[in-house]
Amino acid sequence: MSRTLLVRLSASAIALGCAWVAYTQAPAPQGKQQAKQANNTISKVAEDLYAIIGDGGNSTVYVTSEGVILVDDKFEYDGQDIVDKVKSVTNQPIKYVLNTHLHGDHTGSNERFLPTAEIIAHKNARDNMVKNKAPGVMRVVFTDETDIFLGGKEVRMKWYGRSHTNGDAVVYFPALKILASGDMGANNGPNVDFANGGSMKEWGKTLDEVLKLDFDTVIPGHGPVSKRQYLVDYRDVATKIPVTVTSMVREGKSKDDIAKVFTANGGLWVNPNVVNKLDQIMAELK
Amino acid sequence: MVFLALGGMWVAYTQNPKGKQAPAAQTKAPEPFTLIKIADDLYDIDGGQAGNVAVYITNEGVILVDDKFEQNFDEIMANVKKVTNQPVKYILSTHYHADHSGGNTRWASVAEIISTRNAHDGIVQKKQSNAPEGMVPARVTFTDETDVFLGGKEVRAKYYGRGHTNGDAFVYFPALKVLHTGDMFTSGTPLIDYPGGGSIVEWTKTLDAVMGSLDFDTVIPGHGPVSKKADLLTYRNKAADMRTRVQTLIRQGKNQDDVGKFMTAEYKWAPDSLNMQWSLPGMMTELR
Chain W
1 MSRTLLVRLS
11 ASAIALGCAW
21 VAYTQAPAPQ
31 GKQQAKQANN
41 TISKVAEDLY
51 AIIGDGGNST
61 VYVTSEGVIL
71 VDDKFEYDGQ
81 DIVDKVKSVT
91 NQPIKYVLNT
101 HLHGDHTGSN
111 ERFLPTAEII
121 AHKNARDNMV
131 KNKAPGVMRV
141 VFTDETDIFL
151 GGKEVRMKWY
161 GRSHTNGDAV
171 VYFPALKILA
181 SGDMGANNGP
191 NVDFANGGSM
201 KEWGKTLDEV
211 LKLDFDTVIP
221 GHGPVSKRQY
231 LVDYRDVATK
241 IPVTVTSMVR
251 EGKSKDDIAK
261 VFTANGGLWV
271 NPNVVNKLDQ
281 IMAELK
Chain R
1001 MVFLALGGMW
1011 VAYTQNPKGK
1021 QAPAAQTKAP
1031 EPFTLIKIAD
1041 DLYDIDGGQA
1051 GNVAVYITNE
1061 GVILVDDKFE
1071 QNFDEIMANV
1081 KKVTNQPVKY
1091 ILSTHYHADH
1101 SGGNTRWASV
1111 AEIISTRNAH
1121 DGIVQKKQSN
1131 APEGMVPARV
1141 TFTDETDVFL
1151 GGKEVRAKYY
1161 GRGHTNGDAF
1171 VYFPALKVLH
1181 TGDMFTSGTP
1191 LIDYPGGGSI
1201 VEWTKTLDAV
1211 MGSLDFDTVI
1221 PGHGPVSKKA
1231 DLLTYRNKAA
1241 DMRTRVQTLI
1251 RQGKNQDDVG
1261 KFMTAEYKWA
1271 PDSLNMQWSL
1281 PGMMTELR
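Protein sequences, first through last, are from chains W and R.
The letter at position 19 of the first sequence is residue 19 when you use the numbering used here, and the numbering goes up by one with no holes.
The letter at position 115 of the second sequence is residue 1115 when you use the numbering used here, and the numbering goes up by one with no holes.
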């Protein structure tokens, strides 16, 4: 990767990170808005594997001689751009779309792909979509692990437990030692969707299991392509937050006291997704 | 009568170790397939000396369980068309044997085929000694459970443990309380495919897990007539009894020849049958 591209990617990652925070903090971004223009960049991560980074969650593109396997499909208005970006690297059609979880910034183009591709997600992700009356509900779900074999290549999709929601799956490319982590590893720190079964208490344990996989590179749910260490650090914070909150709550400390510790720790601790949900996190961890 | 005849032909198949094609021993025309209605929108296609095919019709397409041999493609298609104009969209495989998954070679370009990971691996690793060349595995696999939602209907394929092989899925139709068992229940005696990871010790435990967790009344066996839950329990108990009797002989010091003769006399296992090839040596080891 050239330095200019790196700089550009980092800059756009920061900009997009902010946009994502804005999105996730305004769960219903409807209302007065202009028709959205897709704004994404495709970059090569490894042989036959690309990341589409920009709007919504990151998409991963795996090219095989029998079709393309896509991980996550961003917002509805990104559908055509995803197709165009894939066409810029292969003539193969998109055959499978693997959704890491239910959220609309990862499943927004499902309706577009449903007639021509098989969309697969964890059973809990589908149940949540049905409950929330979300569009683009998939036909095929799994509970523990599903593996896709296409064009002599293999992709493993596995559920390890609760974290961001109760239906987050990671997608593993064993031949490349690359992992698409979905939002159980996303740039801003743990953002627990309690309404959809997420858990701060379980998050670190779930990542403990994920980290048993042999991978070098992580394509996070949001943010730039990273190394394994990114998810190790993420796990460490996700593990320490419950320990800290539980002990402070039991010591009778106030929410403000806990918030001060979070601020002092900095890093992933102080992102708005953690701080704004402190009441719910304390309720889970008391 | 038809069931008996077809059951007999299946025995002929499984007892013919070189049965790579349709058994050549039979000179008369093959029996036509039988299409049996089990419940609303659910049918069984019996015939072809191959596994029972379940046909579940929805307004968005058809879900099949198993696809028999490659040469049965046209007749399966013709039978589906007798009851619906909907296209076949999904095939859920119960296991990797050619009389249940052999049709994959033709259906893979038509429908999404889904099996357990181990069933996929069994085809790739050519674990079936008498399998035809060029078998095609599923592209989508699962380790525990996969559910398919189509046209407002739901079908669940789930792995409960070893038995016939190490990758047998049970396919459950929750709205109808119907279960397709694959070859974990047939009109014959248990065929334990030890080279394919089967186990007579685990077989009954697996059936116990199925019967303990699923609410069903009707059972489509891998081979043989559509049955009831009580028939599955009877089969399970007979399998346990067979295991106990064999284990007793082995622990009395009987050798493989002795046990083989016993199986022929008591369970009609023919000397050259797949039972003798796949099951007997494995039982001698597992039941020591």
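Beta carbons are placed, not taken as given, at the ideal position from N, Cα and C, and that holds for glycine.
Treat the numbers as computed from the prediction; the structure is a model and nothing was measured.
In the structure shown, the three-state DSSP call for residue 159 of chain W is strand. Contact between the region 241–248 of chain W and the region 195–207 of chain W is present, with at least three C-beta pairs closer than 8 Å.
CA-to-CA, the gap between residue 93 of chain W and residue 1155 of chain R works out to about 28 Å. Assigned with DSSP and collapsed to three states, residue 40 of chain W falls in coil, not helix or strand. Apart from sequence neighbours up to five positions away, the residues of its chain that approach residue 1220 of chain R with a beta-carbon distance below 6 Å are 1044, 1052, 1054, 1180, 1226, ordered along the chain. Here residue 238 of chain W has 190, 203, 204, 207 as same chain residues with Cβ atoms under 7 Å from its own Cβ, once five neighbours each way along the sequence are excluded. C-alpha of residue 256 of chain W to C-alpha of residue 227 of chain W: approximately 34 Å in a straight line.
Listed along chain R are 1139, 1140, 1141, each with a C-beta nearer than 9 Å to that of residue 148 of chain W. Residues of the region 1141–1165 of chain R with a Cβ closer than 8 Å to any Cβ of chain W, in chain order: 1141, 1142, 1143, 1144, 1145, 1146, 1147, 1148, 1149, 1150.
When C-beta distances to chain R are compared with 7 Å, the residues of the region 123–153 of chain W below that value are 123, 139, 140, 141, 142, 143, 144, 145, 146, 147, 148, 149, 150, in chain order. Residue contact with chain R for residue 118 of chain W: present (Cβ-Cβ distance below 8 Å to some residue of chain R).
In this structure the region 1120–1137 of chain R touches the region 1190–1207 of chain R; the number of beta carbon pairs closer than 8 Å is three or more. Excluding five sequence positions before and after residue 277 of chain W, the CB atoms of its chain that fall closer than 8 Å to its own CB belong to 191, 192, 194, given in chain order.
In the structure shown, residue 145 of chain W adopts extended strand secondary structure according to DSSP, grouped into three states. Using beta-carbon distances, residue 1120 of chain R counts as an interface residue toward chain W, with a partner under 8 Å. The residues 124, 128, 196, 197, 198, 199, in chain order, have a CB closer than 8 Å to that of residue 166 of chain W in the same chain once the five nearest residues on each side in sequence are set aside.
DSSP places residue 1061 of chain R within a strand segment (E or B) once states are collapsed to three.
With a threshold of 16 other beta carbon atoms within 10 Å, residue 1255 of chain R falls short and is exposed. Residue environment analysis places residue 212 of chain W among the exposed positions, since fewer than 16 neighbouring C-beta atoms fall within 10 angstroms of its C-beta. The secondary-structure analysis by DSSP pairs residue 1221 of chain R across a beta bridge with R/1182.
Annotated three-state conformation of residue 1187 of chain R is coil, per DSSP.
Counting the other CB atoms within 10 Å of its CB gives residue 121 of chain W a total of 16 or more, which places it among the buried residues. Taking a 10 Å sphere around the C-beta of residue 1210 of chain R, we find 16 or more other C-beta atoms and assign the residue as buried. Chain-order list of chain W residues neighbouring residue 1117 of chain R: 145, 147, by C-beta distance under 8 Å. By the beta-carbon neighbour count (other beta carbons within 10 angstroms, threshold 16), residue 188 of chain W is buried.
About 4 Å separates the beta carbons of residue 75 of chain W and residue 108 of chain W, which is inside the 8 Å limit, making them a contact pair. By DSSP's assignment, residue 1046 of chain R forms a beta bridge with R/1034.
Within the model, the alpha-carbon separation for residue 258 of chain W versus residue 250 of chain W is close to 12 Å. Every unbroken stretch of the alpha helix (DSSP H) spanning 4 or more residues and falling wholly within the region 1049–1112 of chain R is given here in chain order: 1073–1083, 1098–1101, 1104–1107. DSSP links residue 51 of chain W through a beta bridge to W/43, W/60. In the DSSP assignment, residue 262 of chain W falls within the alpha helix (DSSP H) that extends over 255–265. For residue 125 of chain W, the uninterrupted alpha helix (DSSP H) run begins and ends at 123–131, by DSSP. Our two residues, residue 1267 of chain R and residue 1246 of chain R, have alpha carbons roughly 11 Å apart in a direct line. Non-local beta-carbon contacts of residue 210 of chain W in its own chain, meaning distances under 6 Å to residues more than five positions away in sequence, involve 160, 170 in chain order. Residue pairing for residue 239 of chain W: DSSP places it in no beta bridge.
Setting aside the 5 residues that flank it on each side, residue 95 of chain W is surrounded in the same chain by 66, 67, 68, 69, 117, 118, 150, each with a C-beta closer than 8 Å to its C-beta; the list follows chain order.
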